[in-house]
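Single-structure report; data block below.
Residue numbers (my numbering), protein chains in the order written: chain A, 4 to 481; chain B, 30 to 184.
And the structure:
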């Protein structure tokens with residue numbers, strides 16, 4: 004993103020007065036940007052959300068349906084085959100191989116984001132492509148997770164090597180919860196949409212190495228599974244998403260559950276609210292930064308940082324950094340208001356308690372924010388992986404015979420994108436309502452108190468959903 | 030149960046509210062046909078005049094379709110487009126004639142359509158193509174990585 008953005012910004016910087024601020028592309032990898040959702044469709048979307056919300060309040064079930072545990076195994080043979088040791092080894096090996104290819108192509112390949120395997124693989128195929136995969140098939144990333152695979156392999160070897168066994172890992176501090184994961188996601192998003200050289204292949208490779216180092220350290224201190232389950236950002240992220248899926252692995256079995264019920268079973272450890280706020284806030288800012296509202300704020304911020312003595316390249320980066328963190332904080336403040344409202348309904352729970360009790364219902368909203376914002380990017384830029392896989396370094400190779408393939412920019416039309424976007428947002432809103440309602444029925448003995456507590460959560464959700472639609476109508480306006 | 034009845038009443042009120050909200054927010058005219066989610070889903074452009082809402086900058090595209098190509102001229106001096114990054118708005122299916130003149134040597138790249146043409150101080154880059162891909166695409170000077178326009182192809 005940023006090289007182009009900066010080049011444009013620098014070129015124009017001299018003539019600022021008469022000119023619109025530089026067009027800031029959300030990702031440097033973006034070639035085709037979406038047209039903004041037209042006003043009438045925005046109005047339709049918002050209207051549908053309101054109708055759905057009120058009808059939901061009126062007709063939703065009076066007894067919890069998602070909270071009770073309902074999981075039944077599929078055929079034992081299939082489950083055992085899919086979770087067998089050879090399959091696990093194979094999946095882990097594929098994950099590790101891909102990690103190595105990212106690092107190798109990022110360091111050794113041409114330093115052009117479009118022509119190198121690393122940026123497209125990390126930002127598009129991995130970060131965005133695994134979202135629909137997790138939604139449908141469950142937590143597949145856990146099986147392919149390269150860090151987990153390396154950690155388990157290492158501890159297996161170490162156990163063999165040292166006769167007395169390894170020392171017990173340190174107990175994972177309860178207060179730490181999912182905070183490391185939230186931090187990891189902030190760092191990733193910073194690299195993706197703020198950092199000046201964030202999509203340069205070598206930056207992607209080095210960041211991957213640094214993150215791998217941190218993860219190995221964490222696993223070494225607290226144990227592989229403890230760190231992966233709570234602290235490793237991508238594991239936690241894709242696991243959250245996979246909780247929507249009806250498929251879940253338990254032990255050596257794979258079973259089905261009600262869709263969304265995995266979210267009801269989420270333990271709201273410390274840091275979970277922060278994690279969700281990062282997810283919603285970062286996508287919000289990515290959308291906002293494409294629109295005229297943000298473009299009108301940037302010059303002021305840049306002037307401010309310039310007056311502090313930063314160079315022109317740094318000021319744009321800092322302005323975007325402020326925007327990212329500011330948006331995350333704004334979204335958090337809004338959610339805190341809703342939680343305070345829920346608390347005012349009664350019951351002894353603290354505000355943090357109320358915020359945590361309903362945080363799982365924000366997961367669908369966070370997912371559809373990402374889905375609506377990136378669907379066309381995934382479908383279009385994702386095609387690049389066909390030729391990048393054949394020529395990961397950009398050296399003109401043709402390993403798989405696909406080097407000559409090109410991107411079909413017409414693969415999805417503007418109208419289809421718009422309806423998908425509104426469809427996603429409405430679907431996420433409905434799922435969130437369902438989850439929050441179900442939770443309220445468990446928390447409050449009397450159904451009418453439960454419904455009353457829901458007015459607040461409903462207001463929060465309508466706010467988030469309308470914000471999502473507004474951002475889509477803002478994006479890429481001139 | 031009486032609570033059920035009041036809930037249904039609540040729902041009715043909500044639907045009414047939402048309908049009013051939609052009527053208020055709805056654009057003034059000519060969009061009803063297009064608002065039905067099933068319409069206009071296909072790839073073919075809608076036959077009616079859908080340009081009225083776009084607040085178009087060009088002027089050429091005000092209702093004229095396919096007969097006359099949209100012609101756009103962009104001038105680059107001192108490494109920046111004169112008048113800022115231009116918005117080039119065309120309706121899908123129209124023919125685009127694009128001429129870029131610059132005071133340096135460079136290559137002009139229309140992204141998405143992947144059209145390239147060299148430009149030199151006395152030799153403008155000329156493009157002629159059909160705008161058949163929807164979306165927003167960058168037009169840039171490839172050598173200096175300067176965006177000079179955005180091509181907006183509306184359905």
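Positions of the beta carbon are idealized from the N, C-alpha and C atoms, including for glycine.
(message) Can you tell me whether residue 145/A is helix, strand or coil according to DSSP?
(response) helix
(request) Measure the CB-CB distance between residue 387/A and residue 415/A and report whether it falls below 8 Å. (result) no
(request) Work out the CA separation of residue 230/A and residue 213/A for me, nearest whole Å. (result) 16 Å
(message) Judging by CA-CA distance, which residue of 168/B, 163/B, 130/B is the nearest neighbour of residue 144/B?
(response) 168/B
(request) Kindly list the residues whose CB is nearer than 6 Å to the CB of residue 192/A, restricted to its own chain and excluding five residues on each side of it in sequence; keep chain order. (result) 285
(request) Could you please give the first and the last residue of the uninterrupted alpha helix (DSSP H) stretch that includes residue 83/A? (result) 79–85
(message) Starting from residue 184/A, trace the alpha helix (DSSP H) in both directions and tell me its first and last residue.
(response) 182–192
(request) Output the distance between the C-alpha atoms of residue 106/B and residue 175/B, rounded to the nearest integer angstrom. (result) 12 Å
(request) Work out the CA separation of residue 90/A and residue 141/A for me, nearest whole Å. (result) 16 Å
(message) Which residue wins for smallest C-alpha separation from residue 239/A, given the options 155/A, 272/A, 310/A, 288/A?
(response) 272/A
(request) Could you pull out every residue in the same chain whose Cβ sits closer than 7 Å to the Cβ of residue 260/A, ignoring the five residues on either side in sequence? (result) 73, 74, 249, 251
(request) Would you kindly work out how many angstroms separate the C-alpha atoms of residue 60/A and residue 454/A, rounded to a whole number? (result) 7 Å
(request) Alpha carbon to alpha carbon, how far is residue 113/A from residue 190/A? Give it in angstroms, no decimals. (result) 25 Å
(request) For residue 180/B, go through chain A and note every residue whose CB falls closer than 9 Å to its CB, in chain order. (result) Here the premise fails: no neighbours, minimum Cβ distance about 10 Å.
(message) Using 8 Å for Cβ pairs, my map puts residue 35/A next to residue 166/B. What's the rounded Cβ distance?
(response) 6 Å
(message) With H, G and I counted as helix, E and B as strand and the rest as coil, what does DSSP make of residue 255/A?
(response) coil
(message) Less than 8 Å between the C-beta atoms of residue 105/A and residue 210/A, yes or no?
(response) no
(request) Run through the segment 346–412 of chain A for me and flag every whole alpha helix (DSSP H) of 4 or more residues, listed as ranges in chain order. (result) 354–360, 365–384, 387–393
(message) What would DSSP say about residue 164/B, mapped onto helix, strand or coil?
(response) strand
(message) Can you find the residues in the same chain that come closer than 7 Å, C-beta to C-beta, to residue 373/A, ignoring five residues on each side of it along the sequence?
(response) 134, 286
(message) With a threshold of 8 Å between beta-carbons, can residue 106/B be considered close to chain A, or not?
(response) no
(request) List the residues of chain A whose Cβ lies closer than 8 Å to the Cβ of residue 165/B, in chain order. (result) 35, 36, 37, 38, 479
(request) List the residues of chain A whose Cβ lies closer than 7 Å to the Cβ of residue 141/B, in chain order. (result) 34, 35, 412
(message) Under 8 Å, with one C-beta from each stretch per pair, do the segment 152–164 of chain B and the segment 121–140 of chain B reach the 3-pair mark?
(response) yes
(message) Assuming residue 308/A is part of the alpha helix (DSSP H), what are its boundary residues?
(response) 295–310
(request) Buried or exposed for residue 353/A, please, with buried defined as at least 16 other CB atoms from any protein chain shown within 10 angstroms of its CB. (result) exposed
(request) Starting from residue 155/B, follow its DSSP beta bridges and name the residues at the other end. (result) 128/B
(request) State the CB to CB distance for the pair residue 456/A and residue 276/A, rounded to an integer number of angstroms; the pair is presumed to be in contact (CB under 8 Å). (result) With a Cβ gap of about 17 Å, residue 456/A and residue 276/A do not count as contacting.
(request) Would you mind telling me which residues of chain A sit closer than 7 Å to residue 127/B, beta carbon to beta carbon, in chain order? (result) Neighbours of residue 127/B on chain A: none; closest Cβ ~17 Å, over 7 Å.
(message) I need the straight-line Cα distance from residue 317/A to residue 56/A, nearest angstrom please.
(response) 44 Å
(request) Determine the chain A residues that contact residue 183/B at a beta-carbon separation under 7 Å, and present them in chain order. (result) 38
(request) May I have a chain-ordered list of the beta strand (DSSP E) segments no shorter than 3 residues that lie completely inside the segment 47–117 of chain A? (result) 74–76
(message) Taking the beta carbon of residue 359/A as the centre, do at least 16 other beta carbons fall within 10 Å, making it buried, or is it exposed?
(response) buried
(message) Taking DSSP's pairing of strands, which residues face residue 145/B in a bridge?
(response) 138/B
(request) Would you decide whether residue 264/A is buried or exposed? Buried here means 16 or more other CB atoms lie within 10 Å of its CB. (result) buried
(message) Please classify residue 160/A as buried or exposed, where buried requires at least 16 other C-beta atoms within 10 Å of its C-beta.
(response) exposed
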